[in-house]
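Protein sequence lines correspond, in order, to chains A and L. According to this note's numbering, the first sequence is numbered sequentially starting from 4. According to this note's numbering, the second sequence is numbered sequentially starting from 4. Each residue gets a CB set at the ideal place from its N, CA and C atoms; glycine is no exception. Being a predicted model, the structure only gives us computed values, none of them experimental.
There are 2 protein chains.
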Amino acid sequence: MKRRGFLKAAATGGAATTLAAPAIAQTQPSIRWRLVSAYPKSLDTIYGASESFAKRVGAATGGKFEIRTFAAGEIVPAFQVADAVQQGTVECAHAGALLLFGKDPTFALDAAIPFGMNSRQMTAWMYEGGGMQLLREFYRDFGIVNFPCGNTGAQMAGWFRKEIKSPDDIKGLKFRIGGFGGMVLERIGGVPQNIPPGDIYPALEKGTIDAAEFVGPYDDEKLGLHKIAKYYYYPGFWEGGSQISLYVGAKAWESLPKEYQAILEAAAAEAHVEMQAKYDARNPAALKRLVAGGAQLRAFPRPVLDAAWKASNEVYAELSAKNPKWKKVYEPYVKFRDEQILWFRFAEGSFDSFMASVKR
Amino acid sequence: MKRRGFLKAAATGGAATTLAAPAIAQTQPSIRWRLVSAYPKSLDTIYGASESFAKRVGAATGGKFEIRTFAAGEIVPAFQVADAVQQGTVECAHAGALLLFGKDPTFALDAAIPFGMNSRQMTAWMYEGGGMQLLREFYRDFGIVNFPCGNTGAQMAGWFRKEIKSPDDIKGLKFRIGGFGGMVLERIGGVPQNIPPGDIYPALEKGTIDAAEFVGPYDDEKLGLHKIAKYYYYPGFWEGGSQISLYVGAKAWESLPKEYQAILEAAAAEAHVEMQAKYDARNPAALKRLVAGGAQLRAFPRPVLDAAWKASNEVYAELSAKNPKWKKVYEPYVKFRDEQILWFRFAEGSFDSFMASVKR
């Protein structure tokens, strides 16, 4: 800022007004980045957030900071977008940290864990509860600077060919579910299956699998699973509010002028709130269409949720005993979650419950 | 963009790289704005949002677009901040539209109405449900361009000297509550009182009033009302998610370069998500301190909520019959609310209910 100070000092002799452009402009560099999304363009809510983000950065810089977005597979496959950032192949990526669960379960604390925080609580933890600092520290080893950049909200538990009436019905159930949810499902007798979205329909149709989870009404509708597995279960307790992240390569981040860093950060926050708003605005009509198309809504029986809750906490205790990185982030995460739940029971919870009861 | 096109054409002869700064910089003007907040600095969550917003705009422009923030009363009193924007005394303001309820109840649809949307639903309506367009049109007559810029979340119903056991206990109750909430309270026999925050404590202590609502634990704690009225009721059904707005004068907005407009819009969205996160992160500990200090939590009895719900809908029907501006915004608002409630009952509601039950 020395140069600006000099300019100010030099200007004191003249008649400077606060509205006038300075005589010598501080020019900002033209920068072109590539963003690789872990999602296909068909998921317009999630992929759309990376587009909105890039568009805003461009508009805020008069096109000087240009970020081109690429869907999963265009440059790198979905599961490798974080690697591409780490290796410097691209400057940034947009992905759910759940994709990195296989590398280290700690990543899931940046997205969702079974019976974790809901969307609003997760945002509170990231922005104001210390979550961002803890995760930034964790990501540092991967050469990544992370930013919250979207949330799906609480997900549905997915599409089942048969009803789930007790925990016994989970036993042997071949369920398309990944990462953490799959690990918990296995503990209660289920058989998790890792199947890419495009292959779910035929697998469920042929009976290779008994059930499949995806996201929620708006995204699920695109897969058409209600035509072959009519029971639509809730809640997707493994993703009570699944956060999506923007990953920026540490070197790319440091190379940015401070103004561009500020713009990028604000644009990520805007895309964060916008994605949740899109899901919230679009899910109700999609749910109605699905029900009109034959979907039958079913809540998991309480004993199923209780068994999964118990299994989840067992998994967390085991992870905490053997993975110090996990423990370091998980403990404050759970403390924050528990305090949020305590508070949400009163004003938020009682308000929402009353509204649900009068509009039933 | 013609000038840029010319520069590009002129540059084709040379060895241009995408990372090089252009030879002639597009300079951005230095602009200084004043923002008047309707809140005192002591409300650091709300007032803090205007500071965060201004800071981000400054950082994103290298200090060229400077917005100085002023607390209520520093330049104009709280209730006149919108007038100050309309008249061009200042370029922008940060206020809850409930303050303008007296001018036209339609303003409340930009903040909160009794039994309206919760925070997340309101954000979905504004960003993706058509709410922004409807309200922008309404505000046009006042020379204001509005942006969502914070939400308090569901508020508490406030501090009562005596318990409310039935709707009869509302009859004759002198309750410090403003605007729409007061109008509904009156319908069910209460006596609304308009008292500035600083005067609530002595009025409640002397018994001039029987009860007072403010915001929620974090803000309420500062007033110390738990020392003189120990029953802390919920939910504050008149503000299930009270949105705060950034008001920009239409002429000031139009005078901005497109880049500054983009920066302002992103910074407002960031402040919007940040304020809710601050309330969520800080309310739990404040609630615990209040309870440790003697506050006794009480839920409104169902018949009280039912009576208020009925009264609210009567008020809405009357307003719709006589105020076309209200009707134009209220009808889509309520349609959106009802669809949100339908959807929130499933994944979100069942997830939150389960979590509340296991952490009780």
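Residue from A/128, A/149, A/256 whose Cα sits closest to the Cα of residue 333 of chain A: Nearest option by C-alpha distance: A/128.
Using a Cβ cut-off of 8 Å, pull out every chain L residue sitting near residue 149 of chain A, in sequence order please. The premise fails here: residue 149 of chain A is roughly 16 Å from chain L at the closest Cβ pair, so nothing lies under 8 Å.
Excluding the 5 residues flanking residue 294 of chain A on each side, which residues of the same chain have their C-beta closer than 6 Å to its C-beta? Excluding positions up to five away in sequence, the list is empty.
Quick one: which residues of the stretch 51 to 64 of chain L get their C-beta closer than 8 Å to a C-beta of chain A? List them in chain order. Closer than 8 Å at the C-beta level to chain A, one finds these residues of the stretch 51 to 64 of chain L: 59, 62, 63, 64.
Limits of the beta strand (DSSP E) - the one that residue 261 of chain L falls within: Note, residue 261 of chain L: premise wrong, no beta strand (DSSP E); alpha helix (DSSP H) at 261 to 295.
May I have the straight-line CA-CA distance separating residue 157 of chain L from residue 351 of chain A, to the nearest angstrom? Answer to the nearest angstrom: the Cα atoms are 5 Å apart.
According to DSSP, simplified to helix, strand and coil, what is residue 153 of chain L? In the structure shown, residue 153 of chain L sits in a strand (DSSP, three-state: E or B).
Option in A/174, A/265, A/75 with minimal Cα separation from residue 150 of chain A: For the residues A/174, A/265, A/75, the minimum Cα distance to residue 150 of chain A belongs to A/265.
Nearest-angstrom Cα separation, counted from residue 103 of chain A out to residue 199 of chain L: C-alpha separation (whole angstroms): 52 Å.
Using only CA atoms, which one of A/35, A/113, A/33, A/130 lies nearest to residue 268 of chain A? Answer by Cα proximity: A/130.
Sub-7 Å separation of residue 118 of chain A and residue 256 of chain A beta-carbons: Their beta carbons are not under 7 Å apart, which means residue 118 of chain A does not touch residue 256 of chain A by this criterion.
For residue 42 of chain L and residue 262 of chain L, I'd like the C-alpha separation in whole angstroms. Rounded to the nearest angstrom, the two C-alpha atoms are 29 Å apart.
Is the separation between the beta-carbon of residue 90 of chain L and that of residue 145 of chain L shorter than 7 Å? No, Cβ-Cβ distance for residue 90 of chain L and residue 145 of chain L is not below 7 Å.
Considering only heavy atoms of the ligand PLP, does any lie closer than 6 Å to the CB of residue 52 of chain A? Questions concerning the ligand PLP fall outside what the structure shown contains, since it holds no ligand whatsoever.
Can you list, in chain order, the residues of the stretch 229 to 254 of chain L whose Cβ is nearer than 7 Å to any Cβ on chain A? Of all residues in the stretch 229 to 254 of chain L, 237, 238, 239, 240, 243 have a Cβ within less than 7 Å of some Cβ in chain A.
List the whole-angstrom C-beta distance separating residue 167 of chain L from residue 307 of chain L, where the pair is believed to meet the contact cut-off of C-beta under 8 Å. Rounded, the Cβ-Cβ distance is 6 Å, consistent with contact.
At a CB-CB cut-off below 7 Å, which residues of chain L make contact with residue 126 of chain A? Residues of chain L passing the Cβ test: 276, 280.
Cα-Cα separation between residue 36 of chain L and residue 126 of chain L, rounded to whole angstroms: Across the structure, residue 36 of chain L and residue 126 of chain L are spaced so that their CA atoms are roughly 27 Å apart.
In the stretch 331 to 346 of chain L, which residues sit with their C-beta less than 7 Å from some C-beta in chain A, listed in chain order? For the stretch 331 to 346 of chain L, residues whose beta-carbon sits nearer than 7 Å to a beta-carbon of chain A comprise 341, 342, 343, 344, 345, 346.
Under a CB-based cut-off of 7 Å, is residue 190 of chain L close to chain A? With 7 Å as the cut-off, residue 190 of chain L does not count as an interface residue toward chain A.
Take residue 225 of chain A as the anchor and find which of A/201, A/214, A/234 has the nearest alpha-carbon. Closest by alpha carbon: A/201.
By the 10 Å Cβ neighbour count, where 16 or more other Cβ atoms means buried, how is residue 197 of chain L classified, buried or exposed? Around the C-beta of residue 197 of chain L, fewer than 16 other C-beta atoms lie within 10 Å, and the residue is accordingly described as exposed.
Where does residue 171 of chain L land, buried or exposed, given buried means 16+ other C-beta within 10 angstroms? By the neighbour-count rule (16 or more Cβ atoms within 10 Å), residue 171 of chain L is not buried but exposed.
Is there a Cβ of chain L sitting closer than 7 Å to that of residue 71 of chain A, yes or no? Taking CB atoms only, residue 71 of chain A has no neighbour in chain L less than 7 Å away.
Three-state secondary structure assigned by DSSP to residue 33 of chain L: Here residue 33 of chain L sits in coil by DSSP.
Taking 7 Å as the CB-CB limit, is residue 319 of chain A close to chain L? Not an interface residue.
Cα-Cα separation between residue 242 of chain L and residue 180 of chain L, rounded to whole angstroms: Roughly 11 Å separates the two Cα atoms.
Classification of residue 343 of chain L by the beta-carbon crowding that lies within 10 angstroms, buried from 16 upward: By the 10 Å Cβ count, residue 343 of chain L comes out buried.
Step through the CB atoms of chain L and report whether any lies within less than 7 Å of the CB of residue 364 of chain A. With chain A running from 4 to 363 in the structure shown, residue 364 of chain A is simply not present.
Measuring alpha carbon to alpha carbon, tell me which residue in A/233, A/116, A/222, A/39 is nearest residue 214 of chain A. It is A/233 whose Cα lies nearest to the Cα of residue 214 of chain A.
Whole-Å CB distance - residue 245 of chain L paired with residue 109 of chain L, under 8 Å assumed: With a beta-carbon spacing of about 16 Å, residue 245 of chain L and residue 109 of chain L fall beyond the 8 Å limit used to define contacts.
Need the endpoints of the alpha helix (DSSP H) that residue 329 of chain A sits in, please. 327 to 347 is the extent of the alpha helix (DSSP H) around residue 329 of chain A.
Burial state of residue 188 of chain L, where buried means 16 or more other Cβ atoms lie within 10 Å: With 16 or more other Cβ atoms from the protein chains shown falling within 10 Å of its own Cβ, residue 188 of chain L counts as buried.
Tell me residue 300 of chain A's beta-bridge partners as DSSP assigns them. Beta-bridge pairing links residue 300 of chain A to A/235.
Going straight from the alpha carbon of residue 321 of chain A to that of residue 186 of chain A, what length do you get? Going from the Cα of residue 321 of chain A to the Cα of residue 186 of chain A covers about 12 Å.
What would DSSP say about residue 209 of chain A, mapped onto helix, strand or coil? Reduced to three states, the DSSP call for residue 209 of chain A is helix.
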